[in-house]
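Number of protein chains: 2
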Amino acid sequence: MKPNQQYSFLIADDHSIVRQGVSLLIKELFFNVKIFHAGSFKETLKIASENKIDLLILDINFPDGNSLSIMTEAKAMQPDMKILIFSALDEDIYALRYLNAGASGYLNKGSNEDEMKQALKSMMVTGKYITQNIKDRILDSYISKKPINPLEQLSNREVEVARLLIKGFGNLEIAEMLNIKKSTVSTFKNRIFEKLEIDNLADLIDFFNLYS
Amino acid sequence: MKPNQQYSFLIADDHSIVRQGVSLLIKELFFNVKIFHAGSFKETLKIASENKIDLLILDINFPDGNSLSIMTEAKAMQPDMKILIFSALDEDIYALRYLNAGASGYLNKGSNEDEMKQALKSMMVTGKYITQNIKDRILDSYISKKPINPLEQLSNREVEVARLLIKGFGNLEIAEMLNIKKSTVSTFKNRIFEKLEIDNLADLIDFFNLYS
DNA sequence: ACTTCATGTAGAATTATTTCTATAAAAAAA
DNA sequence: TTTTTTTATAGAAATAATTCTACATGAAGT
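Sequences listed follow chains A and B, in order.
Using the UniProt record's numbering, read the first sequence as starting at 1 and increasing by one per residue.
Using the UniProt record's numbering, read the second sequence as starting at 1 and increasing by one per residue.
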């Protein structure tokens with residue numbers, strides 16, 4: 001980050017109030033900035049294609065498209081642009097996924113002002129921002145060699161059972177469909193939950209929505 | 001709204017970036033204001049109990065409690081305080097419920113700056129803010145007495161229980177959270193399923209994804 | 001070849017959930 | 001104002017799911 005150089009930011013969030021807040025924060029932190037606003041997937045790509053952007057601050061909750069593809073497309077246009085994901089969603093679940101897909105930082109919307117300033121500064125100075133929590137998780141997954149996609153841990157039969165569970169079938173129904181005892185279904189369910197480190201159906205549904 | 005009088009606002013939102021944005025907006029719109037911030041259910045009530053507040057701008061997505069009860073409790077402390085709900089959740093589903101429970105306005109987080117300013121001005125001048133859409137829906141549902149959205153068939157308590165169910169909590173956990181017996185939770189669950197004509201959690205999750 | 005680990009399978013004991021029934025209170029309709 | 005309906009609540013009985021344990025089989029590692 002050189003002094004007296006103009007930096008340009010693109011704030012992509014479907015809530016204008018959030019964009020204004022972020023905008024204010026950037027202006028407090030840096031001099032001579034150029035700030036673009038985008039309230040949708042389409043706008044984000046349009047602005048990114050027409051302007052040089054140093055940092056894209058991206059919410060991953062757009063109604064009109066999924067952010068993994070925004071990232072890929074935007075990166076293709078501007079390989080040097082850094083991306084900071086700024087999301088209300090649980091970083092434990094989403095951060096690694098987005099970092100893998102090309103983001104250089106993940107900032108939680110629940111963060112306080114200091115953390116946000118730290119994140120913005122860090123993005124401009126070092127080009128990245130990752131919380132200790134996420135660093136730990138990356139290390140863990142490297143050491144334990146567990147796949148980034150947790151569903152890969154499941155055996156075929158486990159996936160079969162899991163798919164029926166997320167369709168809303170009960171243990172007994174599944175047992176009948178697969179011609180096994182309901183206690184066996186229970187065992188599979190338990191092993192699925194253990195492997196994914198969850199303990200209820202809602203989380204299993206989340207997992208499948210996320211990773212498949 | 002008299003000139004030169006100091007008005008006090010309480011912004012209750014778990015995202016500090018949103019509070020900052022709203023704060024900025026208020027300062028642009030009014031002179032001589034006093035602004036309080038609250039990041040949680042507890043803080044909101046504490047501040048509302050210790051300070052005279054003219055307008056509470058309330059997000060309805062707190063991790064530590066449900067906003068219907070915040071409203072009731074806060075209103076009990078300060079009957080003259082106006083409440084503007086400021087939420088990312090679909091107004092079609094939630095607005096009527098909150099207006100019924102004592103809010104005087106419902107502003108969507110996706111609104112643009114003009115709408116937000118309009119809402120804030122309207123709250124201070126006329127004491128209320130309701131979009132044309134909501135007015136129409138009030139009329140429609142008054143005339144036909146049939147809810148457009150199936151989730152509107154659910155009572156407040158039923159929605160409360162449903163939201164906990166789709167987060168993955170079990171009957172007993174929910175019972176403890178709401179201080180009722182687990183059998184009561186069962187009854188609510190049954191009624192929810194009956195009303196929505198479903199019979200499992202996965203479908204309930206679908207319903208909420210679809211209609212909210 | 002031997003051991004270890006993952007997989008597919010179940011039974012028994014324990015817990016949790018559902019179903020059915022009931023009731024007081026509030027709201028709406030007559 | 002009385003009657004009916006909806007809402008919020010719970011207990012008991014019936015049913016379903018979970019937990020814990022176990023074991024045979026095949027694959028992978030040493």
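For every residue, glycine included, the Cβ atom is placed at its ideal position computed from N, Cα and C.
Interface residue (Cβ-Cβ distance to chain A less than 8 Å): Q118 (chain B) is not classified as such. About 6 Å separates the beta carbons of L154 (chain A) and A162 (chain A), which is inside the 8 Å limit, making them a contact pair. T131 (chain B) and N108 (chain B) have their alpha carbons spaced roughly 10 Å apart.
Rounded to whole angstroms, the separation of the alpha carbons of Y211 (chain A) and N156 (chain A) is 16 Å.
For the options A:R19, A:G39, A:N133, A:L25, the alpha carbon positioned closest to that of Y94 (chain A) is the one of A:N133. Under DSSP, the beta-bridge partners assigned to G105 (chain B) are B:L84, B:Y129. Between L55 (chain B) and M116 (chain B), the gap from beta carbon to beta carbon reaches 8 Å or more.
Interface with chain A (8 Å Cβ-Cβ cutoff): N149 (chain B) is excluded. Excluding five sequence positions before and after E158 (chain B), the CB atoms of its chain that fall closer than 8 Å to its own CB belong to F188, R191, I192, K195, given in chain order. Fewer than three beta-carbon pairs drawn from the segment 12 to 19 of chain B and the segment 197 to 212 of chain A are found closer than 8 Å, and the two stretches are therefore not classed as touching. For the segment 161 to 180 of chain A, the set of positions with a beta-carbon nearer than 9 Å to some beta-carbon of chain B reads L165, I166, K167, G168, F169, G170 in chain order. Its chain contains K117, L120, K121 as the residues whose beta carbon lies nearer than 8 Å to that of L29 (chain B), once the 5 sequence neighbours on both sides are disregarded; these appear in chain order. At a cut-off of 8 Å between beta carbons, E197 (chain A) makes no contact with chain B. Contact between L84 (chain A) and A48 (chain A) is absent: CB atoms are separated by about 14 Å, not below the 8 Å threshold. Distance from the Cα of D203 (chain B) is smallest, within the candidate group B:L151, B:E91, B:E160, for B:L151. Beta-carbon to beta-carbon, T72 (chain B) and G102 (chain B) are separated by about 7 Å, close enough to satisfy the 8 Å threshold.
For K75 (chain A), the three-state secondary structure derived from DSSP is helix. For the set B:F207, B:D80, B:V33, B:L139, the Cα lying nearest the Cα of L165 (chain B) is the one of B:F207.
Residue burial is scored here from C-beta neighbours: L139 (chain A) has fewer than 16 other C-beta atoms within 10 angstroms and is therefore classed as exposed. Residue environment: M81 (chain B) is assigned as buried (16 or more neighbouring CB atoms within 10 Å of its CB, all protein chains considered). Interface annotation, L24 (chain A): in contact with chain B, CB-CB separation under 8 Å. Pairing A175 (chain A) with T184 (chain A), the inter-Cα distance amounts to about 8 Å. The DSSP-derived three-state label of F41 (chain A) is helix.
Each residue's CA atom was taken as its position, placing M177 (chain B) and D13 (chain B) some 22 Å apart.
Residue pairing of A12 (chain A) in beta bridges, as defined by DSSP: A:A38, A:L58. With 16 or more other Cβ atoms from the protein chains shown falling within 10 Å of its own Cβ, F86 (chain B) counts as buried.
Across the structure, L24 (chain A) and V22 (chain B) are spaced so that their CA atoms are roughly 11 Å apart. The secondary-structure analysis by DSSP pairs V22 (chain B) with nothing; it has no beta-bridge partner.
Of the residues assessed, A76 (chain A) falls on the exposed side of the cut-off, its CB having fewer than 16 other CB atoms within 10 angstroms. One thing to note: L89 (chain B) has its Cβ no nearer than 8 Å to the Cβ of I70 (chain B). Bounds of the alpha helix (DSSP H) holding L196 (chain A) are 182 to 196. The shortest C-alpha to C-alpha distance from A74 (chain A) to any of A:F41, A:R97, A:G168, A:N100 is the one to A:F41. F36 (chain B) sits buried, since 16 or more C-beta atoms from the chains shown fall within 10 Å of its C-beta. Counting along the chain, D203 (chain A) sits inside the alpha helix (DSSP H) bounded by residues 201 to 211.
Restricting attention to A:R137, A:Q78, A:Y7, the CA atom closest to the CA of V33 (chain A) is found in A:Y7.
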